[in-house]
Amino acid sequence: MKLLTALFAIVVGVGGTVALFYGLNYLVEHTLPQRMRDTARPWVFIGPAILIVGLYLLFPALDTIRRSFMDARSTSFVGSKNYEYLVTDPGTRETIWNNVLWILVVPAVSVAVGLAVAVLADKLRPKWENTAKSLIFLPMAISFVGASTIWGFIYAWRAQGQPQIGILNAIWTQLGNEPVAWLDQQQYNDFLLMVIMIWLQAGFAMVLLSAAIKNVPDDTIEAARIDGATEVQIFWRVVVPQIRSTIVVVGTTILILVLKVFDIVLVMTGGRNGTDVVAHRFITEMINNRQLGRASVLVVFLIVVTIPFMISNIRRFREQESAR
Amino acid sequence: MSANAAPAPDTEEWSDTDATSGGGPRPGAGGWIVRIALAVIVLVWTIPTIGLLVSSFRPEAAVRTSGWWSQITTPLDWTLENYATVLDGGMGAAFVNSLAVSIPATVIPILAAAFAAYAFAWMEFRGREVMFVVFVALLVVPLQVALVPMLRMYSSLGITGTFLAVWLAHTAFGMPLAVYLFRNYMGSLPREVIESAKVDGAGHFQTFWRLIIPLSVPALAAYAIFQFLWVWNDLLVALVFLGGSPDVQVVTLNLASLLGSQGQAWHLLTAGAFITMTVPLIVFFSLQRYFVRGLTAGSVKG
């Protein structure tokens, strides 16, 4: 029964979309006068895409900015009160500081690990290279919630004297230490959460960097080798400069992903013990506290952070177009 | 995400046997150091998943009293009971819901984006450039912008908690990347192909269905994998627009609530987590080649 309902939903959803395009096309071709058809036709093609993006992204972005100046239920304007609240609230300052840490650490470490694996695996026979890469890449298929469960199990803590079922505490107590409730340790629990993100994203970095490394012309490497450069020198002075643009792309892609991460924090700590980040705090304000104004301010923060990347994307797109 | 993934490489599949390029000498002097270093990284990357998998098949008592690595000493003590418990406890229904969410939320944006991309690549109309630049700009916009306004709109329309609500949301959030990728791909198809169809009397609509779609399958497939994995693994959109009622709850939400309510029942959590991972892992292993090709051809979802 359940399965049938789901199947029905799938057929209706997909069929409905196909029918929409056929219907629009039919309307244009059969009801409009000849000279209007040419003008209308492109809109059959782009209309639905524009409409849905406008409705779900463009309009809400503006609406969110407006709501950030309104009260908890978006009924009246309150000026900059929400902004003042969040600027003066010590919890928010910590949250933003955590985001800065995530932004500094996660992209850099993911790129470093990805680069290391790409370089090392490149020196193996293809069979082993592929196996190693597949295993590093595999976490990319796992959800943030799934990955958090996996790592929650690694960080699991039991009181002293009980058997430790989390592998980290098992190793730690084997070394003669007392068990540690890792996620409660304010000095470094942020980093333990970042490990999850790095674990997920290093494979992505590796795939792109590996492709870029394989694209580095052999003769530049040979030339350096003939000049007597060591393998380490070749890597830093010949390979890295030639893949710099890939490193930047990978780093910024992960950075933007990091900005939006909330699932890991939600299921691991719920933002307690000084681990909150902006995207999670947003959910807390919106759903738990029902403070739409404050929630909107946090989104405005996210928008502002992404604006430089938006501009650089557009600029790069323009350059590509003029080079075509 | 970023608008472009670096100089597009020609040899992007790692199944290529082209491992001799770009590297140093074959394993020799430093060969063992390389192998050991790599083995350590691979081990650190794999152990978490192995621990999860092993624990999910261990009896509850064993999971409570010993680490999963000690299973080596009792190799025959396996059970499927954890899976049965979790599946009956709502994960089974959630699995079906996840399919009902993910399949349309993958197909709908592909269709809509392919139409739009065709128009951007091959049709003349006013505002074409400007509108495409808007799509490029939207690539990095955090989807959080949509949540407050859309939640308001959905509740006034009364469609909160329906599949339709999440399909449309995922369609919108996946659209900028899809339009961007498809337009670049379709734009690189040879002009003569489209011209010849026109000479044969085909309109844009026929050209699109009979010619462009079949030719664009590589790009469409690569994107389909991303979007499907992204929707299947999503928690945010499901949490806000669909909610946790049993008849619509998806696997990620079920697992998250399991983590909240059964935080110490690791025999159930591990089984639950593994169920949520099955479909992505099948997709991953069977389509890895296309997945990698998609990544290197145009980067990922933002």
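Residue numbers (the working numbering), protein chains in the order written: chain A, 886 to 1209; chain B, -4 to 297. For each residue, glycine too, the CB sits at the ideal point set by N, CA and C.
DSSP lists F962/A as the bridge partner or partners of M955/A. For G939/A, the secondary structure class from DSSP, reduced to helix, strand or coil, is helix.
Looking at the backbone, the Cα of V899/A and that of I1056/A are separated by about 51 Å.
The DSSP assignment places no complete beta strand (DSSP E) segment of no fewer than 3 residues inside the region 1119 to 1162 of chain A. Nearest C-alpha to A1001/A among V29/B, A132/B, G122/B: V29/B. Separation of I154/B and G169/B (C-alpha to C-alpha, rounded to the nearest whole angstrom) is 20 Å.
For P185/B, no chain A residue has a C-beta closer than 9 Å to its own C-beta; the minimum C-beta separation is roughly 14 Å. The DSSP-derived three-state label of S93/B is helix.
Put simply, the CB of P213/B is far from chain A, with every gap to its CB atoms at 7 Å or more. For A891/A, the chain B residues whose Cβ falls inside 8 Å of its Cβ are V91, N92, L94, A95, in order along the chain. The shortest CA-to-CA distance from Q1070/A to any of R1157/A, E969/A, F1194/A is the one to R1157/A. With respect to V96/B, V194/B sits apart: the two C-beta atoms are not nearer than 7 Å. Below the 7 Å Cβ cutoff, chain B contributes no neighbours of F962/A, its closest Cβ being approximately 16 Å away. Listed in chain order, the non-local C-beta contacts of G1159/A below 8 Å within the same chain comprise E979, N983, Q1071, N1074, D1075, local neighbours out to five positions each way being set aside.
Only V29, R30, A32, L33, I36, V37, W40, T41, I42, P43, T44, G46, L47, S50 from the region 27 to 54 of chain B bring a Cβ to less than 8 Å from some Cβ of chain A. W1036/A and I1081/A do touch by the CB rule: their CB atoms are close to 5 Å apart, below 8 Å. For I950/A, the CB contacts under 7 Å within the same chain, skipping 5 residues up- and downstream, are V1185 in chain order. In this structure, the beta-carbon distance from P1024/A to W987/A does not fall below 7 Å. Residue burial is scored here from C-beta neighbours: V135/B has at least 16 other C-beta atoms within 10 angstroms and is therefore classed as buried. Straight-line spacing of the CA atoms in M145/B and S1197/A works out to 28 Å. Taking a beta-carbon distance threshold of 7 Å, A957/A does not count as an interface residue toward chain B. Spatial neighbours of L48/B in its own chain (CB-CB distance under 7 Å, excluding positions within 5 residues in sequence) are listed in chain order as F269. Per DSSP, L133/B is one residue of the alpha helix (DSSP H) stretching across 123 to 133. Distance check between Q1086/A and each of S1028/A, G1046/A, L917/A places S1028/A closest, using alpha-carbon atoms only.
Among the residues of chain B, those whose CB is under 7 Å from the CB of N910/A are F200, following chain order.
Contact check between the region 1119 to 1136 of chain A and the region 1146 to 1153 of chain A: fewer than three CB pairs, one atom from each, fall below 8 Å, which does not count as touching.
Residues of the region 68 to 82 of chain B with a C-beta less than 7 Å from any C-beta of chain A: none at all.
In terms of Cβ geometry, I103/B and T166/B form a close pair [threshold 7 Å]. Put simply, the backbone Cα of L1187/A is about 20 Å away from that of W225/B.
Taking 8 Å as the upper bound for CB-CB distance, M1171/A and V140/B are not in contact here, some 12 Å apart. Counting of Cβ neighbours within 10 angstroms places Q201/B among the exposed residues, the total staying below 16.
Residues of the same chain with a CB within less than 7 Å of the CB of Q1049/A, apart from the 5 flanking positions on each side, are R1043, A1055, T1058, P1064 in chain order.
Taking a contact to require three or more Cβ pairs closer than 8 Å, the region 272 to 288 of chain B and the region 1009 to 1016 of chain A do not qualify as touching. Secondary structure in the region 180 to 209 of chain B: the alpha helix (DSSP H) runs of 4 residues or longer, each lying completely within the stretch, are 186 to 194 in chain order. Note that the C-beta distance between A925/A and V913/A is below 7 Å.
With its beta carbon at least 7 Å from every one in chain A, P241/B lies outside the interface.
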